[in-house]
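Residue numbers (mature numbering (1 follows the signal peptide of the UniProt record, and there is no 0)): -21 to -1, 1 to 121.
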């Protein structure tokens, strides 16, 4: 079975790149001392071999105080919403003349046919909700 990783880094923007897990093995692992807990969230789905990392000042605090608890939404719901958000994100990222180009500097590689697992979808969904609130953006076509 082919191993996959999904890495999402956010530093006032959201960047997603998919890459083979073996590329992570050659890099030194960051420790808790390397990254502030308030600025970084990492969730690993070991069963599906996917990882999500979000770096955005304030997101962790927002997640702990505003997000619905895990299990509130089904994984299917989160996948549908994430697919919609990613589609709209990528439309904005592909339009460099728009006034919001500084927010959408890269497209997100989210494959709706891949089962990223609940935790990855939960975290990604909540980042999109946070992002829309913080930057007054609309990624839901309405």
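In this text, a Cβ means the ideal position worked out from N, Cα and C, and glycines have one as well.
These numbers come from a predicted model, not from an experiment.
### Task
Go ahead and pull the three-state DSSP assignment for residue 115.
coil
### Range of the contiguous alpha helix (DSSP H) that encloses residue 54
54 to 72
### Query
In the DSSP assignment, what are the bridge partners of residue 87?
None, per the DSSP bridge assignment.
### Task
Determine the closest residue to residue 115 out of 90, 78, 62 and 30, with distance taken between C-alpha atoms.
78
### Message
Which residue wins for smallest C-alpha separation from residue 111, given the options 61, 32 and 52?
### Response
61
### Query
Taking C-beta to C-beta, are residue 118 and residue 41 nearer than 7 Å?
no
### Message
Measuring only the C-alpha atoms, how far is residue 90 from residue 82?
### Response
21 Å
### Query
Are residue 20 and residue 39 touching if we call contact CB-CB under 7 Å?
yes
### When 97, 36 and 87 are compared against residue 57, the one with the closest alpha-carbon
97
### Query
Could you give the distance in angstroms between the alpha-carbon of residue 87 and the alpha-carbon of residue 31?
13 Å
### Query
Just how far apart, CA to CA, sit residue 36 and residue 53?
27 Å
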